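Down below is the structure, laid out as structure tokens.
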Amino acid sequence: MEAEVKDQLVSIEKPGLIAPPNWEPVIMGILCNWCSYAGSDLTGTSRIQYPPNIRIIRVPCSSRVDPWFLIKSLQTTADGVLVSGCHPGDCHYISGNYYARRRFLVTKKLLNFVGFHENRIQFSWVSAAEGPKFAKVVAKVTDDIKKLGPLHLYKKENFEKK
Amino acid sequence: MNYTKQIQDIAAKLFAEGKIDVFVGYRMNGFDDNQVPVLITDPQDVSKLVFTDKSVFNLVNYLKSDHTRRKRVGLVVKGCDSRSLNLMLTESQVKRQNLYIIGIACEGVVDDAGQKMQNCTECVVPDAVVFDELLGGTLSGSLTLTGSKPYQVNADVTALAAMPLTERAAYFEEVFENCIRCNACRHSCPLCYCAKCCIDQETATLYNGANTTSSAFHALMTWSLHLAGRCVDCRNCEKACPSHLPLHLLHKQNESVIYENFQEHLAGVIPEDRGAFYKYSLKDPDDFIM
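Heads up: the protein sequence lines correspond to chains L and Z, in order.
This note's numbering applies: residue 1 is where the first sequence begins, and numbers increase by one.
This note's numbering applies: residue 1001 is where the second sequence begins, and numbers increase by one.
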């Protein structure tokens, strides 16, 4: 019975398309080296469980994240993106995350404007000491994106010549 | 709005005094009443220059070319063009001492059908903001946060934002599907001057078939986000687009988000102002971050 309910999961942007059985989302996690990456490391060393859907990329700072990265991930494999950096005021490079914050807002609003659900692009501040918070963030993002169904917009493989 | 006589006189005077090597202006295209940009190096050709409300293109784009680089250039700028010139000066792409700028207090230009262009009806900075000589009046009052008139969110953007998500996604899928990836939008933009562009990673070629809706999405979204906080709404990209895509939607959406959330000046209005993404405030909205 439960499997049947899962079969009916549709893509929120394209309600005509139904998710395959036992579909699991792929989430691109872009983490800053100094806080969030260390935080995720702490989650692992503390033996805290979090969903395995996230694929992590390490960047030197959250302001290294060009909006291009998010577009590329959504265009290729990801069903959602999580970008995480240091808390405001904690940036290793003094002010990188303040610059990043502005870009994130504009990127998120533009992607939402062209038809992506806003929960597909998420941001968080996780410090190196917040292992449990990182696990909670990943669980929440995975949960959100599971509800939205698979992403079918502008997927590269749908347009490639066979 | 007709400054043909004044511009011809000024150009002739500049050539006679030996102040410029090249003059960038408009001429009639020769078969109908539309105009095309022209680069003049011979003083005898000055009589070809015109300026009316059909002078639609942004001539600042021609400062990127080899014909004007490292030369002394005279050029004509309207309000929006002068803002992009301001940004090019701030970003060290051109030298101010090499330029002689004829600013226009613009009353709006018209499209092929004779209608006033949409960006001209919404324009908040009609007068040139950087010039050596201003034609058609003086600057009216001081510039505020948005120029000299109140800012309004673009009507097309408001209408689309009110639509349900699925309809909006379908609308933009059609927009990106019609893109032929000719990159005319990038070449016509005065602020796209990078020698190597990251969107060329998905260049449309005969072999890999990368001219797809997906690659158009990638290219146009990346392009518009790299211009966010810098786009001056001159709509040179839309005039150049062979598929007539509504490219202004992406730029105006970014502009409205930046204006509403960060209370920044419109791009290029203030000299030495590099745009919203080159600075920050501790009070920037944070509620969308976990």
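Backbone N, C-alpha and C fix where the C-beta goes; we use that ideal spot for every residue, glycine too.
Source: prediction; values computed, not measured.
Near Asn97(L), which residues of its chain fall below 7 angstroms by C-beta distance, leaving aside the five closest residues on each side in sequence? Apart from the 5 residues on each side of it in sequence, Asn97(L) sits with its Cβ closer than 7 angstroms to the Cβ of Ser62, Ser63, Gly85, Cys86, Pro88 and Cys91 in its chain, given in chain order.
Per-residue burial, Gly1141(Z) [other beta carbons within 10 Å of its own, 16 or more giving buried]: Low local confidence applies: a pLDDT of 49 at Gly1141(Z) is under 50, so the model's placement there is unreliable, with the coordinate-based value given in what follows. Counting every other CB atom within 10 Å of its CB across the protein chains shown gives Gly1141(Z) a total below 16, marking it as exposed.
Could one say the Cβ of Arg1168(Z) lies closer than 8 angstroms to chain L's Cβ atoms, at least one of them? yes
Check whether the Cβ of Ser124(L) lies closer than 8 angstroms to any Cβ atom in chain Z. yes
By the 10 Å Cβ neighbour count, where 16 or more other Cβ atoms means buried, how is Ser124(L) classified, buried or exposed? buried
Would you check if the segment 136-149 of chain L and the segment 1257-1272 of chain Z touch, i.e. whether three or more CB-CB distances between them fall below 8 angstroms? In the pairwise beta carbon analysis, the segment 1257-1272 of chain Z is classified as not touching the segment 136-149 of chain L: fewer than three pairs are separated by under 8 angstroms.
At 7 angstroms on the CB atoms, spell out the chain L contacts of Pro1285(Z), in chain order. Leu105
Are at least three pairs of beta-carbons, each pair with one atom in the segment 1002-1009 of chain Z and one in the segment 26-46 of chain L, less than 8 angstroms apart? no
Roughly how many angstroms lie between the CA atoms of Gly16(L) and Cys1231(Z), to the nearest whole one? 37 angstroms
Where does the unbroken alpha helix (DSSP H) through Gln1152(Z) begin, and where does it stop? Looking at the DSSP string, Gln1152(Z) is not in any alpha helix (DSSP H), and its letter there is neither H nor E.
Alpha carbon to alpha carbon, how far is Leu1165(Z) from Ser1224(Z)? 20 angstroms
Looking only at its chain, what residues have a beta carbon closer than 7 angstroms to the beta carbon of Val1157(Z), apart from the 5 residues adjacent to it on each side? Leu1249, Lys1252, Gln1253 and Ser1256
Can you find at least 3 beta carbon pairs, one from the segment 1272-1286 of chain Z and one from the segment 1175-1184 of chain Z, that sit closer than 8 angstroms? A contact between stretches requires three or more CB pairs, one per stretch, nearer than 8 angstroms, and the segment 1272-1286 of chain Z fails this requirement with the segment 1175-1184 of chain Z.
Give me whichever residues DSSP pairs with Gln122(L) in a beta bridge. Leu82(L)
Under a Cβ-count criterion, where at least 16 other Cβ atoms within 10 Å of its own Cβ denotes burial, should Gln49(L) be classed as buried or exposed? exposed
If you measure between the beta carbons of Arg1083(Z) and Val1129(Z), is that distance less than 8 angstroms? yes
How close, in whole Å, do the beta carbons of Val1060(Z) and Pro1246(Z) come, if the pair is a contact with beta carbons under 8 angstroms? Contact between Val1060(Z) and Pro1246(Z) does not hold, since the beta-carbon distance rounds to 23 angstroms and is not under 8 angstroms.
Chain-ordered neighbours of Phe159(L) on chain Z, where CB pairs are closer than 7 angstroms: Those within 7 angstroms of Phe159(L) in chain Z are Thr1212, Thr1213 and Ser1214.
Quick check on the DSSP output: the beta strand (DSSP E) that includes Pro1037(Z) runs from which residue to which? From DSSP, the beta strand (DSSP E) with Pro1037(Z) extends over Gln1035 to Ile1040.
How is Cys32(L) classed by DSSP in three states: helix, strand or coil? strand
Element boundaries [alpha helix (DSSP H), containing Leu105(L)]: Gly96 to Phe113
Could you tell me which chain L residues have their CB closer than 8 angstroms to the CB of Tyr1280(Z), listed as they occur along the chain? Under the 8 angstroms cutoff, chain L gives Ser95, Tyr98, Tyr99, Arg101 and Arg102.
Distance between beta carbons of Leu1099(Z) and Leu1075(Z), contact taken as under 8 angstroms: 7 angstroms
Rounding to the nearest angstrom, what Cα-Cα distance links Ala128(L) and Ser73(L) in this structure? 25 angstroms
Apply the 10 Å Cβ neighbour rule to Met1221(Z) and answer buried if 16 or more other Cβ atoms are within range, or exposed otherwise. buried
Of the residues Glu1177(Z), Val1077(Z) and Thr1121(Z), the one placed nearest Gln1152(Z), counting alpha carbons only: Thr1121(Z)
Which class does Tyr1259(Z) belong to by DSSP, given the choice of helix, strand or coil? Looking at Tyr1259(Z) - three-state DSSP - the assignment turns out to be helix.
May I ask you to report which of helix, strand or coil DSSP gives Ala1267(Z)? coil
Counting C-beta neighbours from all protein chains within 10 Å, is the total for His1218(Z) 16 or more, i.e. buried, or is it exposed? It is buried - the Cβ of His1218(Z) has at least 16 other Cβ atoms within 10 Å.
For Glu1272(Z), is the classification buried or exposed, using 16 other Cβ atoms within 10 angstroms of its Cβ as the cut-off for buried? Under this definition Glu1272(Z) is an exposed residue.
Is Leu153(L) close to chain Z? Criterion is C-beta to C-beta, closer than 8 angstroms. yes
Between Pro67(L) and chain Z, is the shortest Cβ-Cβ distance under 8 angstroms, so that the two count as touching? yes
Using the Cα positions of Gln1035(Z) and Tyr1026(Z), report the straight-line distance between them to the nearest angstrom. 6 angstroms
What residues match up with Phe1023(Z) in a beta bridge as DSSP calls it? In DSSP, Phe1023(Z) forms a bridge with Ile1040(Z) and Gly1074(Z).
Going along chain Z, which residues have a C-beta under 8 angstroms from Phe134(L)? Simply none; closest approach about 10 angstroms.
Counting only beta-carbon separations shorter than 8 angstroms, does Gly44(L) have a partner in chain Z? no
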